[in-house]
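Colleague: Sharing a structure, written as structure tokens. Questions coming.
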Ligand code: SF4
Ligand code: SF4
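Structural data, given as structure tokens:
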């Protein structure tokens, strides 16, 4: 009788685990990944690229937002007129986020739709100055990060495909093995790139176990 009760308790416990296992994930392993931020979420302002020129901010340094800000949080906006262009392009846009009340007036009044709320909720710092941002520099940093991410993805994808082609077409068992291992690590790299280190690890472990010893 004690055995039956023990087995039943085990089944009941495992059924709870199994039920939870198949439920949608509601947590995230921050900071490696975070939940999708709602499109309506309003965090610190960001500068937007000009239409048709992704490398350039749409801000013309007209100063309307500076004059409209009730908290005087936009401390400095400067721009320069580049050759062949009719308007200025912002080169500096200093926002003091410590005094910003998130009222959104600057976004509303901008005649060039150059400002928007970002989804960057994770702003931290050790001192007040850590919350002073040059939005032009932030824009450029974002672009560099995007480009870097694209290059990394391209390198991993090409290496993976190269390994697969080598494994299929090579007449030598040694080269075929090298191609296979390259593909295996390439796919693991793609999982890491997609913030899934667990899948990357499983990918390596499973295929290493399947390799002929
Ligand atoms: S959101 Fe409001 S307080 Fe903040 S910078 Fe814009 S206008 Fe100023
Ligand atoms: S963000 Fe808009 S309103 Fe502010 S300076 Fe730039 S163009 Fe003018």
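Residue numbers (the working numbering): 357 to 569. The beta carbon of each residue, even a glycine, is placed where N, CA and C say it ideally should be. Nothing here was measured: the structure is a model prediction, and the numbers come from that model.
1. What does the alpha-carbon distance come out to for the pair residue 423 and residue 377?
2. So the candidates are 446, 381, 398, 427; which of them puts its Cα closest to the Cα of residue 405?
3. If we ignore side chains and look at the alpha-carbon of each, how far apart do residue 510 and residue 428 end up?
4. For the candidate residues 468, 518, 454, 503, whose alpha-carbon lies nearest to that of residue 481?
5. Report the residue ranges of all beta strand (DSSP E) runs contained in full by the stretch 479-537; include only those spanning at least 3 residues, in chain order.
6. How far does the alpha helix (DSSP H) with residue 444 in it extend, from its first residue to its last?
7. Count Cβ pairs between the stretch 370-384 and the stretch 453-467 that sit closer than 8 Å; are there 3 or more?
8. Thinking residue 401 and residue 451 are a contact (beta carbons under 8 Å), I'd like their distance in whole angstroms, please.
9. Decide yes or no for the touch test of the stretch 515-525 against the stretch 467-477: beta carbon pairs closer than 8 Å, at least 3 of them.
10. Label residue 559 either buried or exposed according to how many other C-beta atoms from any shown protein chain fall within 10 Å of its C-beta, with 16 as the threshold for buried.
11. So is the beta-carbon of residue 461 under 7 Å away from any non-hydrogen atom of ligand 1?
12. If you reduce the DSSP assignment to three classes, tell me which class residue 545 lands in.
13. Buried or exposed, going by whether 16 or more other CB atoms sit within 10 Å of the CB of residue 570?
14. With DSSP as the reference, label residue 570 as helix, strand or coil.
15. Run the CB neighbour count on residue 390, radius 10 Å, all protein chains shown included, and call it buried at 16 or more, exposed below.
16. Could you pull the DSSP bridge partners for residue 366 from this structure?
17. For a test of your reading of the model: does the CB of residue 410 fall under 7 Å from any non-hydrogen atom of ligand 1? Yes or no.
Modeller: Looking at the coordinates:
1. 54 Å
2. 446
3. 44 Å
4. 454
5. 488-490
6. Not the alpha helix (DSSP H): residue 444 falls in the beta strand (DSSP E), residues 444-452.
7. no
8. 6 Å
9. no
10. buried
11. yes
12. helix
13. Residue 570 falls outside the range modelled here, since the chain spans only 357 to 569, and no answer is possible.
14. A query on residue 570 cannot be resolved here, the shown segment of the chain reaching from 357 to 569 and no further.
15. exposed
16. For residue 366, which the question treats as bridged, DSSP gives no partner whatsoever.
17. no
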